[in-house]
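Trainee: Handing you a structure now.
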Amino acid sequence: MTATTRAGGGLPGHNASQLNYPDGIFIHEKLKRLYISDTLNNRVQVFPLDQSTVIGLTVIPHVNTCTKIYVDDDDNDFPTIYVGSNNGNRVEKWTKDYTQGVQVGNSCRGCTGV
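Laid out in structure tokens, this is it:
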């Protein structure tokens, strides 16, 4: 088994190839993408798994302390993404063309899973 670094480099940061407290990951096998909830940067990053050059793309900005993540494969261009927002005390649903997440269900204290 060989390990490969796909995101981050061991030090916290906020540029496209850095993370700051990654707390949740989701591998979208069909699209060959790695989604990461980048908690202290308040964003969700996506990284290609089928390319040698790995630079992240912010697919959801401004998520208040995002923790866990789940990605539905209902749309190949932009799948529905569910994110636990710990400080926001909610789970948010993000779909294509959303400018902000929509709360799913009731609020939760310290959301730690999706």
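Here the sequence shown stands for residues 1 to 114, where the numbers follow UniProt numbering. Every residue gets a Cβ at the ideal spot worked out from N, C-alpha and C, and that includes glycine. It should be emphasised that the depicted structure is a prediction, and the values quoted were computed from it without experimental measurement.
For residue 24, report the span of its beta strand (DSSP E) as first-last.
Mentor: That run of the beta strand (DSSP E) goes 22-28.
Trainee: In terms of alpha-carbon separation, which member of 90, 43, 96 lies closest to residue 58?
Mentor: Among 90, 43, 96, the Cα nearest to that of residue 58 is on 43.
Trainee: Could you tell me whether the region 7-14 touches the region 26-33, using the rule of 3 or more Cβ pairs below 8 Å?
Mentor: No: the two stretches stay apart, fewer than three of their Cβ pairs being nearer than 8 Å.
Trainee: Put residue 39 into one of helix, strand or coil per three-state DSSP.
Mentor: It is helical.
Trainee: Taking DSSP as the reference, what is the three-state secondary structure of residue 98?
Mentor: Note: residue 98 maps to coil in three-state DSSP.
Trainee: Does the Cβ of residue 68 have 16 or more other Cβ atoms within 10 Å, making it buried, or fewer, making it exposed?
Mentor: Its Cβ being crowded by 16 or more others within 10 Å, residue 68 is buried.
Trainee: What number of angstroms, rounded off, separates the C-alpha of residue 21 from the C-alpha of residue 7?
Mentor: Taking the straight line from one Cα to the other gives about 12 Å.
Trainee: Taking only the alpha-carbon atoms, compute the straight-line gap between residue 49 and residue 33 and give it to the nearest angstrom.
Mentor: Approximately 5 Å, taken between the alpha carbons.
Trainee: Which of the three DSSP states, helix, strand or coil, is assigned to residue 47?
Mentor: Three-state DSSP puts residue 47 in a strand.
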